[in-house]
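Residue numbers (the working numbering): 6 to 224.
Below is one structure, written out as structure tokens; comments come after it.
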Amino acid sequence: MKIFVFSTNKEIKEHFVNELSETKYLVSYFSSIEQLQSAIEDETIVNLIFHLGMRQNDEDELKIIQSNFKQKLNTLVLTNTPNPEQGVRLLNLNIRGYANSYLEHDKLITALSVIQQGEIWAGAALIQYMLSKTSASVKKNIDVPADNVSNIFKLLTSREQQIAQKILLGLQNKIIADELSITERTVKAHLSAIFKKLEVRNRLELTLKLQQVDRRTLS
Numbered sequence: 006m007k008i009f010v011f012s013t014n015k016e017i018k019e020h021f022v023n024e025l026s027e028t029k030y031l032v033s034y035f036s037s038i039e040q041l042q043s044a045i046e047d048e049t050i051v052n053l054i055f056h057l058g059m060r061q062n063d064e065d066e067l068k069i070i071q072s073n074f075k076q077k078l079n080t081l082v083l084t085n086t087p088n089p090e091q092g093v094r095l096l097n098l099n100i101r102g103y104a105n106s107y108l109e110h111d112k113l114i115t116a117l118s119v120i121q122q123g124e125i126w127a128g129a130a131l132i133q134y135m136l137s138k139t140s141a142s143v144k145k146n147i148d149v150p151a152d153n154v155s156n157i158f159k160l161l162t163s164r165e166q167q168i169a170q171k172i173l174l175g176l177q178n179k180i181i182a183d184e185l186s187i188t189e190r191t192v193k194a195h196l197s198a199i200f201k202k203l204e205v206r207n208r209l210e211l212t213l214k215l216q217q218v219d220r221r222t223l224s
């Protein structure tokens with residue numbers, strides 16, 4: 006797998022060199038946005054690690070890169086000072102991942118594998134933040150008849166509503182299966198239907214979508 010790494014920080018660049026030097030990846034390093042853009046133009050798909058440093062225009066440059074090449078990019082954004090608000094903002098730019106610059110080696114490799122597949126990877130703090138924004142509203146809807154739940158939940162069957170609510174409360178497939186007395190395979194099948202109906206690809210995108218709905222329609 007080919008990876009582009011962008012950072013204007015020498016220490017961070019050396020960190021990435023150390024982390025990726027013994028992997029199977031073919032890695033190219035950039036400290037100039039112009040050089041990065043030129044290199045991306047010559048590629049079909051790029052797995053990009055973009056380090057957000059302390060410069061004021063770093064995020065603006067990332068926005069430009071995402072805007073110009075979003076169809077080509079699987080972008081993992083790493084920053085020394087991650088915060089949930091920034092993470093949500095960047096995920097809305099169609100980045101694929103967000104975490105601390107000094108992510109543990111095994112987690113970094115996992116994150117790269119996940120974004121390569123077009124999926125979203127985020128740290129536990131960001132996921133918990135998004136879940137906290139939705140869980141209160143979701144709890145209000147538990148055991149409420151379908152006619153009274155939010156409009157987006159009306160797209161789902163009664164069983165799909167139950168599963169979606171439990172996912173937003175942070176429950177894993179096995180626990181959901183146990184609580185609903187169904188198999189994990191059945192949970193996964195319902196999840197596939199939920200993702201298709203709500204036009205999302207995974208739990209994280211589901212959370213983001215319901216968070217947006219919550220701001221507009223839920224009380």
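For each residue, glycine too, the CB sits at the ideal point set by N, CA and C.
What does Asn52 pair with, by DSSP beta-bridge criteria?
Counted from its first residue, the sequence shown places residue 52 at position 47. Paired residue(s): Ile8 and Asn79.
Please report the distance separating the alpha-carbon of Arg164 from that of His195.
Here residue 164 refers to the residue found at position 159 of the sequence shown. Here residue 195 refers to the residue found at position 190 of the sequence shown. Rounded to the nearest angstrom, the two C-alpha atoms are 8 angstroms apart.
Any heavy atom of the ligand MN within a distance shorter than 8 angstroms of the CB on Ile69?
Here there are no bound small molecules, and the ligand MN is not part of this structure.
Kindly indicate the opening and closing residues of the alpha helix (DSSP H) around Asn99.
The residue you call residue 99 lines up with position 94 of the sequence shown. Premise fails: Asn99 is in no alpha helix (DSSP H) and is neither H nor E.
Please report the straight-line C-alpha distance between Lys202 and Ser26, rounded to a whole angstrom.
On the sequence shown, residue 202 is found 197 positions in, with the first residue counted as 1. On the sequence shown, residue 26 is found 21 positions in, with the first residue counted as 1. For Lys202 and Ser26, the distance between alpha carbons rounds to 42 angstroms.
What do you get for Ile50, buried or exposed, if any count of 16 or more other CB atoms within 10 angstroms of its CB means buried?
Here residue 50 corresponds to residue number 45 of the sequence shown, with the count starting at 1. Label assigned to Ile50: exposed.
Ile54: which of Ile45, Gln76, Leu81 and Ser37 sits nearest, CA to CA?
Here residue 54 refers to the residue found at position 49 of the sequence shown. When only C-alpha atoms are compared, the closest one is Leu81.
May I ask which residues mark the beginning and end of the alpha helix (DSSP H) holding Val32?
Residue 32 sits at position 27 when you count from the first residue of the sequence shown. Note, Val32: premise wrong, no alpha helix (DSSP H); beta strand (DSSP E) at Leu31 to Phe35.
Please look up how many angstroms separate the CB atoms of Ser118 and His56, rounded, as I've assumed it's under 8 angstroms.
Indexing the sequence shown from 1 puts residue 118 at position 113. Indexing the sequence shown from 1 puts residue 56 at position 51. Contact flag wrong, Cβ pair sits at about 19 angstroms.
With a cut-off of 8 angstroms, do at least 3 Cβ pairs link the region 88–107 to the region 123–132?
Yes, the region 88–107 touches the region 123–132.
Pick out whichever of Thr188, Ile199 and Glu66 has its Cα sitting closest to the Cα of Ser37.
Here the question's residue 37 lines up with position 32 in the sequence shown. Among Thr188, Ile199 and Glu66, the Cα nearest to that of Ser37 belongs to Glu66.
Apply the 10 Å Cβ neighbour rule to Asn23 and answer buried if 16 or more other Cβ atoms are within range, or exposed otherwise.
Counting from one through the sequence shown, the residue named residue 23 turns up at place 18. Under this definition Asn23 is an exposed residue.
Less than 8 angstroms between C-beta atoms, sequence neighbours within five positions excluded: which residues of the same chain meet that for Lys112?
Position 107 of the sequence shown, counted from the start, is the residue given in the question as residue 112. Excluding sequence neighbours, Lys112 sits near Ala104.
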